[in-house]
Amino acid sequence: MEDVVYLDNAATTAVDPRVAEAMLECLGAHGDYANPSATSHAPGRRARARVEQARAEVAGVVGARPEQIVWTSGATEADNLALLGAARYHRPRGRHVVTSRTEHPAVLDACRQLEREGFEVTYLKPAEDGLVEAPQVEAALRPDTILVSLMHVNNEIGVVQDVGAVGRLCRDRAVLFHVDAAQGAGKLPLDVERDCIDLLALTAHKLHGPKGVGALCVRREPRLGLVPLLHGGGQERGLRSGTLATHQVVGMGAAFRIAAASMAEESARIAGLRDRLWEGLRRLPGTLLNGHPMRRAPGILSISFDDVDGESLLYELRGFAVSSGSACATTNAEPSYVLRALGRSDRLAQGSLRLSLGRYSTVGDVDAAVAAVGAAIARLRAVAPPRSPA
Amino acid sequence: MEDVVYLDNAATTAVDPRVAEAMLECLGAHGDYANPSATSHAPGRRARARVEQARAEVAGVVGARPEQIVWTSGATEADNLALLGAARYHRPRGRHVVTSRTEHPAVLDACRQLEREGFEVTYLKPAEDGLVEAPQVEAALRPDTILVSLMHVNNEIGVVQDVGAVGRLCRDRAVLFHVDAAQGAGKLPLDVERDCIDLLALTAHKLHGPKGVGALCVRREPRLGLVPLLHGGGQERGLRSGTLATHQVVGMGAAFRIAAASMAEESARIAGLRDRLWEGLRRLPGTLLNGHPMRRAPGILSISFDDVDGESLLYELRGFAVSSGSACATTNAEPSYVLRALGRSDRLAQGSLRLSLGRYSTVGDVDAAVAAVGAAIARLRAVAPPRSPA
Amino acid sequence: MTGDDPRYGAEVRRRMATLAGAGDLPPGPGVVTARAGDREQGAEILLTGRVESRRLADLRFRAYGCPHFLAAASWLTGQLRGADRAALEGWDWRAAADALEVPPAKFGRLLTLQDAVRGLARNWPGAGESTV
Amino acid sequence: MTGDDPRYGAEVRRRMATLAGAGDLPPGPGVVTARAGDREQGAEILLTGRVESRRLADLRFRAYGCPHFLAAASWLTGQLRGADRAALEGWDWRAAADALEVPPAKFGRLLTLQDAVRGLARNWPGAGESTV
Ligand SMILES: Cc1ncc(COP(=O)(O)O)c(C=O)c1O
Ligand SMILES: Cc1ncc(COP(=O)(O)O)c(C=O)c1O
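Protein chains in written order, with our numbering: chain E, 271 to 660; chain C, 271 to 660; chain Z, 198 to 329; chain F, 198 to 329.
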């Protein structure tokens, strides 16, 4: 990829070489490739030990105990297991769920499935800065509310919700609280105990770990009932059947361990790059920052450009891997529902750009992007017809 | 693992170095690590191209078209998507499902979930040789039968069902037919068209591919409706949301391509090893082969030893990675339900061994196993009290 | 890197590289303009031509829109040089669709282009008089 | 490879390596046997001892069962050498459970062992007579 500057780390990240190395140790005939459930033989026990070490590594990053971690195929599955699993299990207690309009499709579409199953879902509209505050959640609670789901860091605009405040509110009201932390875990401090989080969805591939592995962190005391999505071998205490993918789980463990060890430092460095990017871009006329200016994750910058066609802008920036919205939505041309929920017009949403930074982003990448975006916007505006008929 | 002889290839296999290499090309910062859904930029399109190539590779091995392949996290998820997805969708047409007692837990436990949802499931008892024949299936069909699920190769005893005969029967009767081909695909010829298979569950890790990736092959003409298990980004035509794990999918593609290219040759070699193993072991007194003697997959040999404690036998064989049952069941000490269904007594089932061979198994491994099993059995029998009180 | 995007054909990429024909002409004798489309709808175009001896001696465009639309506008300026009024009146968007491999979802934008071309014919110098 | 199996403690592994004490003694004066358990239930044991001067001068086992059971039988033969009848009568399976780190799920099998030991006491040479 030497020819393209990669600024799409919110879609996915390159695997850290240290992570890849740990994964490789679990693949070949001389590695720990055995089935971690086959604990009746030595190779199986070695694989199991690696899985358990990874479990502790991931748990440690979010203040959980290892036995709270249920491995999944990613945050999509973790979100689905949390929402569908908890709602179906706790259905006798009530059928109302609260979430926000700017959640990831993994949460929104799971909620739509719940609606098909007879649940009622309240979709809170965030303020123009993208934030949903605890009082707004409180106002939406009803006697039959069983579950609140709110994301930690928004994948499109990078704003950080105050999940601790919402968590404490939910704990007070005896309502389950699920947090989609796919974008924030390992980058910002998060603690399931302190923040009163009952269910927490994690994924490896936003943190320089492998795609296709994630986890749901589940409260154990008191035990939280869940209906599993996958039935079978009974792995993961029956909550998630299927052969454990040792190399994937080990890769996630390594990614979380590495991220935790360098969190403060790396977040500061990446936030510095993001600020440099914004300083460079805000000078361009008609540039608007999406989301709260301060309460943001280090790596994500979302900008709307007035009077520029988004598709042509992306075309001009083809030397850069950037996104015009959530990765999951790039195949359709609909303006971003997140930006629409924040009150941006269709045209502004369509002319928006997400630039997201990671471990391998450099000052050079940022400066090149500032220059290229400036040139692209100038070129496209120069060729556009004047605003008022000549 | 140099110190242990690995004979547990039915539980999982070592990743082929060629597969690992292809996977590595999708991990690091200089590889195709981008999100395959991010097709608005070049790195994303390169990842997408790799995913589509893998799709064609896997489809080709089972006689399907690429668009029939839905990537999953393994055969457990594929089985669940097939059974729960099809039954929930086709519920208005009927609530009866037919399967067998010797299916993998991924099928059996999904069936139990269907029972909880109001379906009725007929669990056919195989003959003593482990086979379920088409007439037996036919006799179980009812006007409200919507789905038949039968495995291709049994994971514990290696018998091969005549899925083609059952497939044609189901097609005639307009009943959906699902085949769990986790153990057989890529090792024995299988063709969804010829065998009239509507749904086919596949996994990579039994075929020297990575754990944590599989596929459900879904009939497209006429389109077969399925209710998805995971909701979200809408990947895989909405049937399976979640970021595609490029390296995993590419690994599965490579594993299937390599297996297909050498299928006849490799199956013959492995069957030869298995026969050598059996010839060596059958000489031991009180040795019984489990399952049909001819209709078997190349790599799996299941034997019951009369008058030997299974746990002590495994202990004596601790220099070997072997299994006393399905990998998924090794954590519990219950006698194998598969062997019980074939009419083996609890004690015989408990004193049984599964030795399973793969690409890296050698004559030396086989001969060492024969010698070790012989010595172990001799030692344990020598120390046992005589049968009739002295 | 830039050549692998299946959404954009060779002609679009060639046109986007230089946007040949972009700009406008100073007002003067024989200069004619036409405008079509709506930026809020995603495509807007302004054509400026200079008519000499009843033919388009020069044609420039300004456009707002996606790469297909900008490229089609650029391509158009080359195609219509030398055209007479009747050619403009009969101009059909399908020619642009073919030349630029425009996907059907974007055909609507080519109609905007056609509107502008026909607008040029309508605004043709002396078009109010009957100058046959 | 063999030392990493958390299910089997050091003493089990040591005992399984040699199965010291396995076998039986030729019938003769002072030789006593006891049998307990049921192979169909997963554990069966046959103890053979030779009594000299009212003490167990030698003790051998034959056993069918899991490694914990076989190891416990082997361990027992060492433990009870030199024991008198009263020691056998009072022998308690808990000693074996501790020494061999036997998991609770398998305590039942140790009761089989205890049955056999007490059987030895019952079958003690001259046990029918009161020889105190
Ligand atoms: C906020 C958020 N939630 C969930 C997901 C889905 O995670 P995964 O890609 O692991 O399925 C993503 C990323 O795609 C995300 O950004
Ligand atoms: C017959 C059969 N079906 C399903 C599975 C489950 O597949 P996976 O391990 O990919 O979840 C296995 C293996 O574990 C199997 O042997």
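All residues carry an ideal CB built from backbone N, CA and C; glycine is no exception.
- Contact of Glu208 (chain Z) with chain E by beta-carbon distance below 7 Å is absent, the smallest such distance being about 14 Å.
- At a threshold of 7 Å, Met522 (chain C) does not count as near ligand 2, since its beta carbon sits no closer than that to any of the ligand's heavy atoms.
- Look at Ile570 (chain E) here: in three-state DSSP terms it is strand.
- Contact check for Val321 (chain C) and Asp349 (chain C): beta-carbon distance about 22 Å, past the 8 Å limit, so the pair fails to qualify.
- Taking the C-beta atoms as reference points, His366 (chain E) is found nearer than 8 Å to Glu390 (chain E).
- About 6 Å separates the beta carbons of Lys481 (chain E) and Thr282 (chain E), which is inside the 8 Å limit, making them a contact pair.
- In the three-state DSSP reduction, Ile339 (chain C) falls in the strand class (E or B).
- Collapsing the DSSP output to three states places Glu249 (chain F) in a strand.
- In summary, Glu249 (chain F) is exposed, with fewer than 16 beta-carbon neighbours lying within 10 Å of its beta-carbon over all protein chains present.
- For the pair Glu426 (chain C) and Arg507 (chain E), the Cα-to-Cα distance works out to about 23 Å.
- By the neighbour-count definition (other C-beta atoms within 10 Å, threshold 16), Ala231 (chain Z) is a buried residue.
- In the DSSP assignment, Leu469 (chain E) falls within the unbroken beta strand (DSSP E) covering Leu469 to Thr473.
- Residues of chain Z whose Cβ lies closer than 9 Å to the Cβ of Ser582 (chain E) are, in chain order, Met213, Tyr261, Gly262, Cys263, Pro264, Phe266 and Leu267.
- For Ile242 (chain F), the beta-bridge partners assigned by DSSP are F:Ala233 and F:Ala260.
- According to the DSSP assignment, Cys466 (chain E) belongs to no alpha helix (DSSP H), since it is labelled neither H nor E.
- Under a 10 Å Cβ-count criterion, Ala214 (chain F) is classified as exposed, with fewer than 16 other Cβ atoms of the shown protein chains found around its own Cβ.
- Not one heavy atom of ligand 2 sits closer than 7 Å to the Cβ of Gln518 (chain C).
- Residue-level contact by beta carbon fails for Ser419 (chain E) and chain C, as no gap is shorter than 8 Å.
- Shown in chain order are the members of the segment 291-318 of chain C whose Cβ falls below 7 Å from a Cβ of chain Z: Ala312 and Arg315.
- The beta carbon of Arg566 (chain C) sits closer than 7 Å to those of Gly428, Val429 and Val430, all from its chain and outside the five residues before and after it, given in chain order.
- In this structure, the alpha-carbon of Leu285 (chain F) lies about 40 Å from that of Arg610 (chain C).
- In the structure shown, the three-state DSSP call for His517 (chain E) is helix.
- Looking at E:Val608, E:Val340 and E:Gly434, the one whose alpha-carbon comes closest to that of Arg489 (chain E) is E:Val340.
- In the three-state reduction of the DSSP assignment, Met564 (chain E) falls in the coil class.
- Within the chosen limit of 7 Å, ligand 1 reaches the beta carbon of Asn425 (chain E) through at least one heavy atom.
- Close to Glu237 (chain Z), with beta-carbon spacing below 9 Å, are these residues of chain E in chain order: Ser615, Asp616 and Arg617.
- Under DSSP, Asp281 (chain F) shares a beta bridge with F:Arg252.
- Burial is judged here by how many other beta carbons sit within 10 angstroms of a residue's own beta carbon; Asp468 (chain C) has at least 16 and is buried.
- His311 (chain C) counts as buried, since no fewer than 16 other beta carbons sit within 10 angstroms of its beta carbon.
- The distance from the Cβ of Val229 (chain Z) to that of Gly246 (chain Z) is about 5 Å, consistent with a contact at the 8 Å cut-off.
- In chain order, Arg212, Leu216, Ala217 and Gly218 place their CB closer than 6 Å to the CB of Ser271 (chain F), counting only its own chain and leaving out the 5 sequence neighbours on each side.
- Close to Leu216 (chain Z), with beta-carbon spacing below 7 Å, are these residues of chain E in chain order: Val653.
- With distances taken between CA atoms, Ala455 (chain C) lies nearest to C:Ile528 out of C:Leu494, C:Glu387, C:Ala397 and C:Ile528.
- Lys303 (chain Z) counts as buried, since at least 16 other C-beta atoms from the protein chains shown sit within 10 angstroms of its C-beta.
- In this structure the segment 292-301 of chain E touches the segment 517-536 of chain E; the number of beta carbon pairs closer than 8 Å is three or more.
- The residue from C:Thr513, C:Ser606 and C:Arg412 with its alpha-carbon nearest to that of Val368 (chain C) is C:Arg412.
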